[in-house]
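Trainee: Residue 172 in the numbering used here sits at position 31 of the sequence shown; the count goes up by one each step and never skips. Quick reminder that beta carbons are idealized off the backbone N, C-alpha and C, glycines included.
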Amino acid sequence: MTDSYMQEQAEALAQHLRLTDGKSGYVEATAEGFRVFVRRKWPGKPLAAWDGLPVEWHENVGSNKAANR
Numbered sequence: 142m143t144d145s146y147m148q149e150q151a152e153a154l155a156q157h158l159r160l161t162d163g164k165s166g167y168v169e170a171t172a173e174g175f176r177v178f179v180r181r182k183w184p185g186k187p188l189a190a191w192d193g194l195p196v197e198w199h200e201n202v203g204s205n206k207a208a209n210r
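(1) How far does the alpha helix (DSSP H) with Leu154 in it reach, from first residue to last?
(2) For Leu188, which of helix, strand or coil comes out of DSSP?
(3) Reducing DSSP to helix, strand and coil, say where Thr180 ends up.
(4) Looking only at C-alpha atoms, which of Gly203, Glu197 and Arg180 sits nearest to Leu154?
(5) What's the call for Ala150, buried or exposed, on a 16-neighbour Cβ count within 10 Å?
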């Protein structure tokens, strides 16, 4: 898989999770899958996979980290 493909998927996941305001969190693409950083505890059940790749969740990260894209 190409890096641009992974970046597009990360952006699509961010859109899906509504993390596009630049404050509540962001999605990072890695070689193994995706890492989601959110400021608060995620309501409901976090996604375990996106596009067949695992999603690693990091909740309650500091606001500067969540907004630091």
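Mentor: Quick answer:
(1) On the sequence shown, residue 154 is found 13 positions in, with the first residue counted as 1. Its alpha helix (DSSP H) spans residues Asp144 to His157.
(2) The residue given as residue 188 occupies position 47 in the sequence shown. The answer is coil: DSSP assigns Leu188 none of H, G, I, E or B.
(3) Within the sequence shown, the letter at position 39 stands for residue 180. Checking the displayed sequence, the identity of residue 180 turns out to be Arg instead of Thr. Residue state, collapsed to three classes: coil.
(4) Counting from 1 along the sequence shown, the entry for residue 154 is found at position 13. It is Glu197 whose Cα lies nearest to the Cα of Leu154.
(5) Working through the sequence shown from its first residue, we reach residue 150 at position 9. According to the sequence shown, residue 150 is Gln rather than Ala. The residue in question, Gln150, is buried, as its Cβ has 16 or more Cβ neighbours within 10 Å.
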